[in-house]
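Visitor: Following my numbering, the numbering of the sequence shown begins with -13 at its first residue and continues without gaps.
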Amino acid sequence: MILDRLKQKALNCAKRNKLKLVNFEICDLFTYAVVSDGTKEFTGVTLTPKKEGCLSKAAFLDIKEVLESSSYDISQRAVTLALVNAIGQYKLSKDKIELKGNIQQELSTRILENTTDTDKIVFIGHLSPVVAKLKENGRDVKVFCRMGTEPDNGVYNDIFEYEAVAKATVVIITGASLIGSTIDALLKFTQNARAVVIAGFSAGAHPAWFEDTGLTHVVSTYLEDFSPEIIKKNNLEDVFKNPSYVYKLKSAGAFNFALQ
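1) Do three or more CB pairs link the region 214 to 227 to the region 9 to 26 at distances below 8 Å?
2) Out of curiosity, what's the CA-to-CA distance linking Val157 and Ile107?
3) Which runs of the alpha helix (DSSP H) at least 4 residues long sit entirely within the region 41 to 89? Give them in chain order.
4) Compute the Euclidean distance between the alpha carbons of Gln(-6) and Leu53, then round it to the nearest angstrom.
5) Should the region 78 to 93 be called in touch with the region 122 to 133, which here means at least 3 C-beta pairs below 8 Å?
6) Near Thr199, what residues of its chain come up, given a Cβ to Cβ distance below 6 Å and the 5 sequence neighbours on each side ignored?
7) Entirely within the region 156 to 224 and at least 3 residues each: give me those beta strand (DSSP E) ranges in chain order.
8) In angstroms with no decimal places, state the Cα-to-Cα distance between Pro137 and Ser114.
9) Here's the rule: buried if 16 or more other CB atoms are within 10 angstroms of the residue's CB, otherwise exposed. What is Asn178?
10) Report yes or no: do three or more beta-carbon pairs, one from the region 184 to 195 and one from the region 22 to 37, lie closer than 8 Å?
11) So, at 6 Å on beta carbons, what are the nonlocal neighbours of Phe10 in its own chain, with the 5 sequence-adjacent residues on each side left out?
12) Need the endpoints of the beta strand (DSSP E) that Lys106 sits in, please.
13) Would DSSP call Lys(-7) helix, strand or coil?
14) With DSSP as the reference, label Ala244 as helix, strand or coil.
15) So Val232 and His203 are supposed to be a Cβ contact under 8 Å. How far apart are they, rounded?
16) Taking its Cβ as the centre, do 16 or more other Cβ atoms sit within 10 Å of Glu147, making it buried, or is it exposed?
17) Roughly how many whole angstroms lie between the Cα atoms of Ile159 and Ile97?
18) In terms of alpha-carbon separation, which member of Ala238, Asn(-2), Gln62 and Leu47 lies closest to Gly74?
19) Give the range of the beta strand (DSSP E) segment to which Pro137 is assigned.
20) Do Ile49 and Leu5 come within 8 Å of each other at the CB atom, strictly closer than that value?
21) Three-state secondary structure (DSSP) at Pro314?
22) Quick check on Ala19: does DSSP put it in helix, strand or coil?
23) Beta carbon of Leu201, beta carbon of Ile184: below 8 Å?
24) In the DSSP assignment, find the unbroken alpha helix (DSSP H) run with Leu251 in it and report its ends.
25) Using three-state DSSP, classify Asn(-2) as helix, strand or coil.
26) Are the CB atoms of Ala273 and Val21 nearer to each other than 8 Å?
27) I'd like to confirm the pairing. Which residues does DSSP put opposite Glu27 in its beta bridges?
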């Protein structure tokens, strides 16, 4: 499973660099984790999976305990992904990856530049500002979402997502899918897509860790000076104010989504 792969990559990175778990919390909108290298703290976030089951209080002592856990408890899985993302943010800071503008604007622009109105674009998870921009520009977009449906606006129940992905030429999957095994199942049906992108702040693991998974691009957010105090305000726009990065994986082929 991709989450298992990310956990191992993150654990190896934490051990090599002597990272320590500072704290974590499951808030109303975000779940976050903070790690430190002894001089600076790094924060990772994911959406709190409120629709996925009963949330409980997770209890962990250190990075190793979190990343070696294999629980099906949704709260623990959210903390795990947030921690993977925090360690990913640490590594990104060392790699000095090229940063772009707002992730909503960047993702919209890249998709518009590399698609036409004949493409079938499928979103797993509703990145509503991006979807709205694409539709304004004549793109054929369908959204599959567990959080709410609006069939008249092209937002459908996720029980149909596998069928739609199998017919898509471009697939955008939100990072929150990593909390479970949803993304692993979806990637079995993307053989007709020339681009399969994981996107959003929940996809904040180091992008190179996604190589050889079936994904072609990673589009996520670099959290600059992003503190737990800001996270607890439960304001999505506070996250989207941060710069983004676009990373082209080796499996991307000729699709020019990221100019790397």
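Yeah, the Cβ is synthetic: ideal placement off N, Cα and C, and Gly gets one too.
Guide: To lay it out plainly:
1) yes
2) Position 171 of the sequence shown, counted from the first residue, corresponds to residue 157. Position 121 of the sequence shown, counted from the first residue, corresponds to residue 107. Spanning the two alpha carbons is a distance of roughly 6 Å.
3) 49 to 53 and 60 to 81
4) Counting from 1 along the sequence shown, the entry for residue -6 is found at position 8. Counting from 1 along the sequence shown, the entry for residue 53 is found at position 67. Gln(-6) and Leu53: Cα-Cα distance of roughly 7 Å.
5) no
6) On the sequence shown, residue 199 is found 213 positions in, with the first residue counted as 1. Contacts found: Ile(-12).
7) 156 to 160, 181 to 185 and 203 to 207
8) For the purposes of this step, residue 137 is identified with residue 151 of the sequence shown, where counting begins at 1. For the purposes of this step, residue 114 is identified with residue 128 of the sequence shown, where counting begins at 1. Distance between the alpha carbons of Pro137 and Ser114 is about 14 Å.
9) In the sequence shown, residue 178 corresponds to position 192, counting from 1. Looking at its Cβ environment, which holds fewer than 16 other Cβ atoms inside 10 Å, Asn178 is exposed.
10) yes
11) The residue you call residue 10 lines up with position 24 of the sequence shown. Around Phe10: Ala19 and Val65.
12) As a first step, residue 106 must be located in the sequence shown, where it is residue number 120. Lys106 to Ile110 is the extent of the beta strand (DSSP E) around Lys106.
13) Counting from 1 along the sequence shown, the entry for residue -7 is found at position 7. Note: Lys(-7) maps to helix in three-state DSSP.
14) Along the sequence shown, one-based indexing puts residue 244 at 258. Its pLDDT being 49, under 50, Ala244 is placed unreliably by the model, and the measurement read from it follows with that caveat. Coil.
15) For the purposes of this step, residue 232 is identified with residue 246 of the sequence shown, where counting begins at 1. For the purposes of this step, residue 203 is identified with residue 217 of the sequence shown, where counting begins at 1. Sure, about 7 Å apart at Cβ, within 8 Å.
16) Within the sequence shown, the letter at position 161 stands for residue 147. Burial call: buried.
17) As a first step, residue 159 is located in the sequence shown; it is residue number 173 there, counting from the start. As a first step, residue 97 is located in the sequence shown; it is residue number 111 there, counting from the start. One C-alpha to the other measures close to 13 Å.
18) Mapped onto the sequence shown, residue 74 falls at position 88. Nearest of Ala238, Asn(-2), Gln62 and Leu47 to Gly74, Cα basis: Asn(-2).
19) Residue 137 sits at position 151 when you count from the first residue of the sequence shown. Note, Pro137: premise wrong, no beta strand (DSSP E); not H, not E.
20) Here residue 5 refers to the residue found at position 19 of the sequence shown. Here residue 49 refers to the residue found at position 63 of the sequence shown. Their beta carbons are under 8 Å apart, which means Leu5 touches Ile49 by this criterion.
21) Outside the modelled stretch of the chain, which goes from -13 to 246, sits residue 314, for which no answer is possible.
22) In the sequence shown, residue 19 corresponds to position 33, counting from 1. Three-state DSSP puts Ala19 in a strand.
23) Position 215 of the sequence shown, counted from the first residue, corresponds to residue 201. Position 198 of the sequence shown, counted from the first residue, corresponds to residue 184. Their beta carbons are under 8 Å apart, which means Leu201 touches Ile184 by this criterion.
24) Because the chain is modelled from -13 through 246, residue 251 falls outside the range shown and cannot be assessed.
25) Here the question's residue -2 lines up with position 12 in the sequence shown. In the structure shown, Asn(-2) sits in a helix (DSSP, three-state: H, G or I).
26) Residue 273 lies beyond the range of the chain shown here (-13 to 246); nothing can be said about it.
27) Here the question's residue 27 lines up with position 41 in the sequence shown. Answer by DSSP bridge pairing, in chain order: Ser22.
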